[in-house]
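Below: the structure, in structure tokens.
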Amino acid sequence: MRTLDTLGPVDAVFFSAADRPLSQADIARRSAVARQNWPLRGLIYFVPTGEAKGFFDRVSDAFWTIRGFVGFVDDAPNMRSCRRQQIEDLERILQQTQPDLVFASRLSSAVPLLRIKSELPPIVVDFPDVESIRIERLAISKVEPAEIWKTRFGALLAWKAQRRVSAIASSVLVCSELEQRKLQSTYPNAHFVTVPNTAAPLGELPPASGPIAIFVGTAWYGPNREAISWFANEIWPHIRRAVPEARLIVVGERTEELAVSSPQLGIQTLGFVENLAAIYAAATLAICPIRRGSGTRIKIIEASINGRPVVSTTLGAEGLPFTAGTEILIADNAKEFADACISLFRDPAQAALIGKAAAQRARSAYQENLIAERLRAVCADVVRDDRLTNGSRRRSRSASD
């Protein structure tokens with residue numbers, strides 16, 4: 015939002031779960047929260063979403079879902095933002111605001127644009143992770159055949175939705191060149207651009223205060239929950255036997271709800287922490303025991319840019335340029351992961367060396383101002399090209415039919 019705001023005022027539209035129309039008090043309260051989180055100069059709109067009501071709504075949902083006009087919630091197909099009422103609300107907002115550019119984040123925000131009948135301004139879509147890849151990997155973790163096929167069907171629908179969205183977008187943003195290559199080979203006529211994630215340095219941090227590992231990530235995200243559970247239950251006991259004074263600090267929204275906190279085992283869950291400087295200052299290392307999902311892990315970029323070494327799975331470090339062994343440690347089973355953490359706990363000099371190398375790499379590849387300028391340039395170019403062609407390159411109805 016901050017980067018887009020440099021191009022002009024940004025009007026924001028949020029799909030908001032509600033079982034009734036929002037009152038003015040609801041809108042005022044939600045708007046205040048939005049402005050606390052993003053520097054919005056423009057107007058804020060909320061489009062209520064809800065579940066299907068009645069037989070005909072369910073039939074309509076099935077019709078549009080099978081055709082790929084569907085969003086995703088918790089890795090499952092969901093029509094909350096894609097029904098006729100949401101389409102009409104969104105179209106009315108676009109007619110009122112007459113934007114020069116629509117920036118849509120994720121499929122659930124982009125798919126409703128497919129069903130709008132009036133001409134649209136140029137569209138930039140952000141895939142912070144690729145939902146079809148994430149859902150395909152989720153299928154691998156399933157045991158029951160029915161669950162496997164249901165999840166694979168969801169992945170197929172995500173591929174179809176991505177194809178439709180990519181066809182109407184002027185640019186589709188992804189987090190890594192690896193994802194760009196995968197998607198470009200699948201949708202050769204679309205325009206994909208790599209705009210990496212970034213993280214802010216927290217200032218000069220002191221040496222670690224003890225053998226402390228940290229995990230930073232929101233627990234509402236399934237791969238994070240699974241990673242924390244795997245690490246706490248299968249990896250951490252190995253570490254504690256070797257380094258009895260070791261501590262694990264888990265930080266992120268809703269992590270306090272996880273059943274892993276244990277004073278006896280040195281595990282602490284803090285929930286949401288607004289300022290992470292003290293957390294990173296105390297830490298010897300950061301962990302990323304992710305075994306499914308997609309996109310690039312901001313937790314690795316953030317730890318690295320602040321000079322803390324990271325132990326990660328191969329999938330966790332996917333799409334990032336850190337060199338294994340010198341800028342990051344990679345391990346994919348519990349014993350190897352524990353051994354990597356133990357080696358850093360026992361050798362602070364090695365930990366500092368890897369942290370320093372990681373910081374050099376991260377600060378050259380993920381400088382916040384350079385990433386912001388990249389995003390700004392992509393959006394500015396899309397608007398400029400649209401003006402030069404008088405909108406002749408805007409999507410036609412055939413793109414989504």
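In my numbering, each residue's number is its place in the sequence shown (first place is 1) plus 14.
All C-beta atoms in this analysis are idealised placements derived from N, C-alpha and C, irrespective of residue type, glycine included.
Residue j beta carbon less than 8 Å from that of residue i
i, j, result
"Val265", "Leu290", "yes"
"Ser185", "Val138", "yes"
"Glu191", "Thr165", "no"
"Gly330", "Asp89", "no"
"Pro113", "Asp25", "yes"
"Ala352", "His252", "yes"
"Pro303", "Ile249", "yes"
"Ile182", "Leu128", "yes"
"Ala124", "Met93", "no"
"Ile101", "Pro210", "no"
"Lys156", "Ile162", "yes"
"Ser477", "Pro62", "Given that the chain is displayed from residue 15 to residue 415, the structure contains no residue 477 and the question cannot be resolved."
Presumed contact (8 Å Cβ cut-off) between residue i and residue j, rounded CB distance
i, j, result
"Arg390", "Thr17", "5 Å"
"Ser30", "Gly85", "Going by Cβ atoms, the distance from Ser30 to Gly85 rounds to 14 Å, so no, they are not a contact pair."
"Glu382", "Thr269", "Contact flag wrong, Cβ pair sits at about 25 Å."
"Gly82", "Lys174", "3 Å"
"Gly369", "Pro323", "4 Å"
"Glu267", "Ala233", "7 Å"
"Cys355", "Phe117", "With a Cβ gap of about 40 Å, Cys355 and Phe117 do not count as contacting."
"Ala32", "Gly64", "7 Å"
"Thr340", "Ala222", "Their Cβ separation, rounded to whole angstroms, is 19 Å, which puts Thr340 and Ala222 out of contact at 8 Å."
"Leu262", "Arg239", "Not really, about 15 Å apart at Cβ, beyond 8 Å."
Those residues which DSSP pairs with residue i across a bridge
i, result
"Cys355", "Partner(s): none; Cys355 has no beta bridge."
"Ile342", "Ala338"
"Cys302", "Ser326"
"Arg177", "Bridge partners of Arg177: none, in fact."
"Ala227", "Leu262 and Leu299"
"Val24", "None; Val24 has no bridge partner."
"Asn92", "Gly85"
"Val61", "Phe29"
"Ser119", "Asp140"
"Gly333", "Bridge partners of Gly333: none, in fact."
Cβ shell of residue i (< 8 Å), same chain only, five flanking positions each side left out
i, result
"Arg411", "At Arg411, the pLDDT of 39 sits below 50, so the modelled position is not reliable; the number obtained from the coordinates is stated separately. These residues qualify, in order along the chain: Lys131."
"Val274", "Ile242, Ser243, Ala246, Asn247, Val264, Ile281 and Thr283"
"Thr327", "Cys302, Pro303, Ile304, Arg305, Ile344, Ala345, Asp346 and Phe351"
"Glu259", "Gly224, Pro225 and Gly280"
Cβ neighbours of residue i in the same chain (closer than 7 Å, five flanking residues each side left out)
i, result
"Ala6", "Because the chain is modelled from 15 through 415, residue 6 falls outside the range shown and cannot be assessed."
"Val396", "Leu115, Pro136, Val138, Ser184 and Ser185"
"Asp415", "A caution first: Asp415 carries a pLDDT of 48, below 50, which makes its placement in the model too unreliable to give a value."
"Gly60", "Reading off the sequence shown, one finds Phe at residue 60, where the question assumed Gly. Cβ within range, chain order: Phe28, Ser30, Leu36, Ile41 and Arg44."
"Leu216", "Leu290, Ala291, Tyr294 and Asn320"
"Leu219", "Tyr294, Ala295, Asn320 and Gly321"
"Ala413", "Residue confidence is low: Ala413 scores 43 on pLDDT, short of 50, so the model does not pin down where it sits. Its coordinate-derived value is still stated next. Ala181 and Ile182, listed in sequence order."
"Pro335", "Arg375 and Ala379"
"Leu54", "Met15, Val24, Ala26 and Ala48"
Cut-off 6 Å between Cβ atoms - residues of its own chain near residue i, not counting five sequence neighbours on either side
i, result
"Pro91", "Thr79, Val84, Gly168 and Leu171"
"Tyr201", "Arg177 and Ser180"
"Val144", "Glu193 and Ser308"
"Ser119", "Asp140"
"Arg407", "Model confidence at Arg407 stands at a pLDDT of 47, short of 50, so the residue's coordinates are unreliable; what they give is reported in the following sentence. None."
"Asp400", "Pro136"
"Ala348", "Glu248 and Ile249"
Heavy atom of the ligand GTP within 7 Å of residue i beta-carbon
i, result
"Pro362", "Summarising the ligand content, the structure contains no ligands, and the ligand GTP is consequently not present."
Please specify which runs of the beta strand (DSSP E), each continuous and at least 3 residues long, are wholly inside the region 153–212, giving them in chain order. 185–188 and 206–208
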